[in-house]
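Counting from 1, one number per residue, gives the positions in the sequence shown under the UniProt record's numbering. Just so it is clear, CB atoms sit at the ideal spot from N, CA and C, and this is done for glycine as well.
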Amino acid sequence: MNNFPVSKMSDFGPKSTADDVLEHFDIESKVAIVTGSNCGIGFEIARALALKKVHVIMGCRNHFKAMEAIKKIQAIEPNARLTFIECDLADLNNVKVFCSKFISMNIPLDILIMNAGLTSIPYSLTVDGYETVFQVNYLSQFYMVRMLEKKLIQSHSRVVIVASESHRFSTLRRSNIHRDWNPRRYISFMAYNDSKLCNILFAKYLQKRLIDSHVSVVSCHPGNFVQTEIKRYWWLLRILYFLVKPFTKTAVSKINANQGAATVVYCAIAENSKEIGGKYFINCKECEPSNASKDMELAEILWELSSDMIETLDRSQSIDSSH
Numbered sequence: 001m002n003n004f005p006v007s008k009m010s011d012f013g014p015k016s017t018a019d020d021v022l023e024h025f026d027i028e029s030k031v032a033i034v035t036g037s038n039c040g041i042g043f044e045i046a047r048a049l050a051l052k053k054v055h056v057i058m059g060c061r062n063h064f065k066a067m068e069a070i071k072k073i074q075a076i077e078p079n080a081r082l083t084f085i086e087c088d089l090a091d092l093n094n095v096k097v098f099c100s101k102f103i104s105m106n107i108p109l110d111i112l113i114m115n116a117g118l119t120s121i122p123y124s125l126t127v128d129g130y131e132t133v134f135q136v137n138y139l140s141q142f143y144m145v146r147m148l149e150k151k152l153i154q155s156h157s158r159v160v161i162v163a164s165e166s167h168r169f170s171t172l173r174r175s176n177i178h179r180d181w182n183p184r185r186y187i188s189f190m191a192y193n194d195s196k197l198c199n200i201l202f203a204k205y206l207q208k209r210l211i212d213s214h215v216s217v218v219s220c221h222p223g224n225f226v227q228t229e230i231k232r233y234w235w236l237l238r239i240l241y242f243l244v245k246p247f248t249k250t251a252v253s254k255i256n257a258n259q260g261a262a263t264v265v266y267c268a269i270a271e272n273s274k275e276i277g278g279k280y281f282i283n284c285k286e287c288e289p290s291n292a293s294k295d296m297e298l299a300e301i302l303w304e305l306s307s308d309m310i311e312t313l314d315r316s317q318s319i320d321s322s323h
C-alpha cells in the first residue's frame, strides 16, 4: 500500500502475533473494514489495528456481540476508534446497505479485510437462493468489493481475503463450475473447500483487473487449528492438516487467534504492494497455492458467473420494488 509509511519488516513466522507485526508501524488514522470482527481471528485483527489508532469499521452480523467486542477493546484503550455497521453476508441486500452506509461516512478505505466466513454446515439456502457457504464465504465478498470498488481505487487500498489451505482439496474446475448442488449429494466440507478456492481465484483476478490502479489484493491462510469460534468438524481439519502440510513452503503449527491474525495483519500492511499483489500467504510468508487457484481462465469464468448472479438479484429487486 504505497500511501503507508516506510519501515523495515522483520522476519515474521508462525509464532508471531498480530501485535508483533504491527509493533514498528505507524498506521495512525488509517481506516480499515474488518468483517466478522466480533470474535476469534477477526476480533484479534480489529483489536490489534485499533490499538495502533486505526479507525476500525466492524462489519458483523450480531449487534450484541459486536458491541461486547468494542467494550473489550475500549477497556484496553478507551480512545480506540471502532464503528459497528451490521453486515450479514447471508443477505446480499444487507451487504448492499452496509456498503452504502460506509460510503455515506465519506472517509477513505485504506484496508479491507474479508475475514468473516463459515466452515461446514448442513445444506441450506440463503434468502437470496444461493447455497449458504458459497454465498457467505465468497459471493457476498465479491459483491462487497464491487460495491466498494470506486472507494478502493480512490484510497489506494489493500484488500486482504482470508482463504484456507483447504482450497487444495476443492474439485471445482472449468468443466464443473456450472454445477448446481444437489442436497442429497451435498458434502459440507467440500462446499467449504470450493468456497476457499473461489477466494483465491477472486483475489488473483481482482488484482489483474486493478493492475493499473494502486490497489493491491492479497489472499492468505491464517493458520491451522486456530482457536476461534469456527470449530465444527475439527476432526476433518486435523486430517486435512496432515495431508496439506507437505505442499506448503512454511511450517504450519497449532496457533491461537492472535497468532492466526498475524498473517492477515501482515498482508494488510506489508510494503511493496506491487510485489505482493495477487499472492497467497501463510505464516507471513508467500506460499504457492494449488494449480487450480492459478487457472486464470477458471478465475474469469467465476468472475462472470458471480457478476451474473449479482445482476440477476439486482434486477429482481428492482422489479419487486416497482410493484
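The continuous stretches of alpha helix (DSSP H) do not include Tyr138, and DSSP gives it neither H nor E.
Between Ala292 and Arg173 the beta-carbon gap is near 7 Å, inside 8 Å, which marks them as a contact.
For Arg184, no alpha helix (DSSP H) run applies, since DSSP gives it neither H nor E. Counting only residues of its own chain and dropping the five nearest sequence neighbours on each side, Asn62 has a CB closer than 7 Å to the CB of Asn38. Using a Cβ-Cβ distance cut-off of 8 Å, the stretch 143 to 163 and the stretch 195 to 207 are in contact, since at least three pairs of beta carbons, one from each stretch, lie closer than that value. A residue is called buried when at least 16 other Cβ atoms come within 10 angstroms of its Cβ; Asn258 meets this threshold and is buried. Between the alpha carbons of Val97 and Leu51 lies a distance of about 28 Å.
The C-beta distance from Pro289 to His167 rounds to 7 Å, short enough to meet the 8 Å contact threshold. When beta bridges are read from the DSSP output, Phe281 appears opposite Cys220, Glu286. The C-beta distance from Gly117 to Gly36 rounds to 7 Å, short enough to meet the 8 Å contact threshold.
A Cβ-Cβ contact shorter than 8 Å links Lys151 with Leu109. Distance between Ala48 and Gln207, taken at the CA atoms: about 26 Å. Excluding sequence positions up to five before and after Trp303, its CB lies within less than 7 Å of the CB of Tyr205, all in the same chain and listed in chain order. DSSP places Glu131 outside any beta strand (DSSP E), giving it a letter other than H or E. Beta-bridge partners assigned by DSSP to Leu125: Glu131. The three-state reading of DSSP puts Ala80 in coil, since its state is none of H, G, I, E or B. Within the same chain, Ala32, Arg158, Ala268 come within 6 Å of Ile111 by CB-CB distance, once the 5 residues on both sides are set aside.
Excluding five sequence positions before and after Ser306, the CB atoms of its chain that fall closer than 7 Å to its own CB belong to Leu139, Phe142, given in chain order. Between Lys53 and Cys87, the alpha-carbon positions lie close to 23 Å from each other. Note on geometry: alpha-carbon atoms of Leu298 and Phe25 lie some 37 Å from one another.
With contacts defined as CB atoms closer than 8 Å, Ile76 and Ile57 fail to qualify as a contacting pair.
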